[in-house]
Amino acid sequence: MSNSPYLASILKQAEQRDGDKPEFLQAVKEVLATIAPAVDANPAYEATGLLERFIEPERFVQFRVAWVDDEGKTRVNRGYRVQFNSAIGPYKGGLRLHPTVNESIIKFLGFEQVLKNSLTGLPMGGGKGGSDFNPKGKSDAEVMRFCQAFMTELQRHIGPFTDVPAGDIGVGGREIGFLFGQYKRIRDEWSGVLTGKALSYGGSLARTEATGYGLLYYTEEALNKLRNDSFEGKTVAISGSGNVAVFATEKAQSLGAKVVTASDSNGYVYDPNGINLDILKDIKVDHRGRIKEYADRVSSATYSDNRTDIWTVPVDIALPCATQNEIDGASAKKLVDNGVKVVAEGANMPSTPEAIDVYRDNNVLYGPAKAANAGGVAVSGLEMSQNSERLSWSFDDVDGRLKTIMTNIVAKSMDAAAKFSTPDDLMSGANIAGFEKVADAMLAQGIL
Ligand code: NDP
-1 MSNSPYLASI
9 LKQAEQRDGD
19 KPEFLQAVKE
29 VLATIAPAVD
39 ANPAYEATGL
49 LERFIEPERF
59 VQFRVAWVDD
69 EGKTRVNRGY
79 RVQFNSAIGP
89 YKGGLRLHPT
99 VNESIIKFLG
109 FEQVLKNSLT
119 GLPMGGGKGG
129 SDFNPKGKSD
139 AEVMRFCQAF
149 MTELQRHIGP
159 FTDVPAGDIG
169 VGGREIGFLF
179 GQYKRIRDEW
189 SGVLTGKALS
199 YGGSLARTEA
209 TGYGLLYYTE
219 EALNKLRNDS
229 FEGKTVAISG
239 SGNVAVFATE
249 KAQSLGAKVV
259 TASDSNGYVY
269 DPNGINLDIL
279 KDIKVDHRGR
289 IKEYADRVSS
299 ATYSDNRTDI
309 WTVPVDIALP
319 CATQNEIDGA
329 SAKKLVDNGV
339 KVVAEGANMP
349 STPEAIDVYR
359 DNNVLYGPAK
369 AANAGGVAVS
379 GLEMSQNSER
389 LSWSFDDVDG
399 RLKTIMTNIV
409 AKSMDAAAKF
419 STPDDLMSGA
429 NIAGFEKVAD
439 AMLAQGIL
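This is the structure in structure tokens:
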């Protein structure tokens, strides 16, 4: 961290104001520490209070979501939307439905989204939203009633030129459909106000695959440029078994790697023969089942209900794709002791600061979330373009653009890192490259 009194004062202010929001503070501290040299190099930032504005969302809304369950009982959840920064485009970022959702989680995700969207090179600002509603175990009718109630309030804050939400944990095609239908009914307009839509009503080919595939394009490029290596023949641990994990597994296998793990919030499976993708998809995508069923169906696989032990499996490459802070310092140490060479993040902020220190101290090639998992929002941006044009591009067209965006992110990160650190410091590089574009736009637009 630099000795700059300006940065120290920003950090102090964040601690005072947001000390009760640990995930948000964690994200802010990480970014401030790594962009310090770029901030020191540009006195205009301090002169215009740019960092004070950068860490403060433009708007944060919290609202009541009341709905009726299948037994006729009234349920009340909390809904959120943070509109963090619109300097380079309309707010853009997913909606998360999970019982752990709170103000800290939404603000950390929104803050990260600003930098991630900037890195894609597309004109998108950053936002995020969600609710502490738990879709697990709910009927389709209950999920629909919840989504309709949620959108009844959210619709007054969003729009195709204002704020364009998408999916995240717990929000897939089913939920986006219900949300979109309710927006259309209330506003009496068909517009590209949500991304991640089904193909029948304005969705983009390759959006479902985008985050997982993008993670692999990014990591393959980084391996190639910084280690002269590739996925071919590597053993890989992937956590999670949702949208990101499944398509990361698919692309890793097609690049010649063997993926040996999958998990959910209850436990993980280890399959030394390599995960059978058809069975994984059948359990998790087609039937919303639990990962334990994989071990019941595949004799070479074992199940453990200690979720964090997934990182004790010896692998060359680890791709955390479940949730925040799923790799702590001890898990990172285990990975390193067992020979891991690369960690790239499909999930948002899956590594704690202590874990990142372990990667750094042991020369692990580390691909931070805001760069490595930007493929999802990148293709969401491409879905917005297709909606505006009233056209649909082919799978290969979208996938090709995704690949170009992910390889460009590696190049931008390496260039920014080389200016202030070493080219393989992809974390500093991503933070600086993402920040400088947003900061330039904020400077140009005056004090807002
Ligand atoms: P899904 O809901 O499809 O899957 C989430 C997976 O993570 C499930 O296997 C889930 O298990 C597990 N999980 C969720 N919460 C926890 C928890 N608290 N502890 C342990 N495991 C948990 O979500 P996605 O695949 O879309 O998202 C995964 C990660 O990727 C998130 O961090 C998300 O923010 C990030 N991401 C997603 C993008 C996208 O396009 N979808 C884009 C960029 C980032 P269980 O079923 O038991 O809950």
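Residue numbers (this note's numbering): -1 to 446. Even for Gly, the Cβ is constructed at its ideal location relative to N, Cα and C.
I think residue i touches residue j, with their Cβ atoms under 8 Å apart; what is that distance to the nearest whole Å?
{"i": "Asp68", "j": "Glu173", "result": "Contact doesn't hold; Cβ gap of about 17 Å is too wide."}
{"i": "Tyr181", "j": "Ser129", "result": "Tyr181 to Ser129, Cβ: 16 Å. No contact."}
{"i": "Val74", "j": "Gly125", "result": "Their Cβ separation, rounded to whole angstroms, is 24 Å, which puts Val74 and Gly125 out of contact at 8 Å."}
{"i": "Gly254", "j": "Cys319", "result": "Not confirmed; about 19 Å, so no contact."}
{"i": "Glu110", "j": "Lys368", "result": "5 Å"}
Based on DSSP bridge pairs, tell me the residues matched to residue i.
{"i": "Phe82", "result": "Per DSSP, none; premise fails for Phe82."}
{"i": "Ala316", "result": "Ala235 and Val341"}
{"i": "Lys256", "result": "Thr233"}
{"i": "Arg286", "result": "BP columns for Arg286 are empty, so no partner."}
Kindly indicate the opening and closing residues of the alpha helix (DSSP H) around residue i.
{"i": "Val334", "result": "Gly327 to Asp335"}
{"i": "Ile403", "result": "Phe393 to Phe418"}
{"i": "Gln11", "result": "Pro3 to Asp16"}
{"i": "Gly212", "result": "Arg205 to Arg225"}
{"i": "Gly171", "result": "Gly171 to Arg185"}
Taking all protein chains shown into account, do 16 or more other C-beta atoms lie within 10 angstroms of the C-beta of residue i, making it buried, or fewer, making it exposed?
{"i": "Tyr199", "result": "exposed"}
{"i": "Glu324", "result": "buried"}
{"i": "Asn115", "result": "buried"}
{"i": "Val30", "result": "The sequence shown places Leu at residue 30, not Val. When all chains shown are included, Leu30 counts as buried."}
{"i": "Asn361", "result": "exposed"}
{"i": "Ser7", "result": "exposed"}
{"i": "Ile53", "result": "buried"}
{"i": "His285", "result": "exposed"}
{"i": "Glu230", "result": "exposed"}
{"i": "Ser300", "result": "Sequence inspection shows Thr at residue 300; the Ser mentioned does not correspond to that position. Exposed, because fewer than 16 other Cβ atoms sit within 10 Å of the Cβ of Thr300."}
How big is the Cα-Cα spacing for residue i and residue j?
{"i": "Asn40", "j": "Met440", "result": "14 Å"}
{"i": "Ser298", "j": "Lys249", "result": "22 Å"}
{"i": "Glu387", "j": "Glu187", "result": "16 Å"}
{"i": "Ala204", "j": "Ser2", "result": "44 Å"}
{"i": "Asp413", "j": "Gly373", "result": "20 Å"}
{"i": "Glu219", "j": "Leu363", "result": "12 Å"}
{"i": "Ala164", "j": "Asp269", "result": "33 Å"}
{"i": "Ala246", "j": "Asn346", "result": "15 Å"}
{"i": "Ile407", "j": "Glu352", "result": "25 Å"}
{"i": "Thr405", "j": "Met425", "result": "15 Å"}
{"i": "Thr193", "j": "Glu56", "result": "22 Å"}
{"i": "Val340", "j": "Leu120", "result": "27 Å"}
{"i": "Lys10", "j": "Gln24", "result": "13 Å"}
{"i": "Pro20", "j": "Ser390", "result": "42 Å"}
{"i": "Glu381", "j": "Ser202", "result": "5 Å"}
{"i": "Tyr292", "j": "Ala147", "result": "35 Å"}
{"i": "Ile167", "j": "Gly175", "result": "15 Å"}
{"i": "Val26", "j": "Asp294", "result": "43 Å"}
{"i": "Ile308", "j": "Ala316", "result": "10 Å"}
{"i": "Lys282", "j": "Thr118", "result": "29 Å"}
Considering residue i, what are the terminal residues of the beta strand (DSSP E) in which it resides?
{"i": "Gly127", "result": "Gly124 to Ser129"}
{"i": "Leu93", "result": "Tyr89 to Leu95"}
{"i": "Val362", "result": "Looking at the DSSP string, Val362 is not in any beta strand (DSSP E), and its letter there is neither H nor E."}
{"i": "Thr259", "result": "Thr259 to Ser261"}
{"i": "Arg57", "result": "Arg57 to Val66"}
{"i": "Pro163", "result": "Asp161 to Ala164"}
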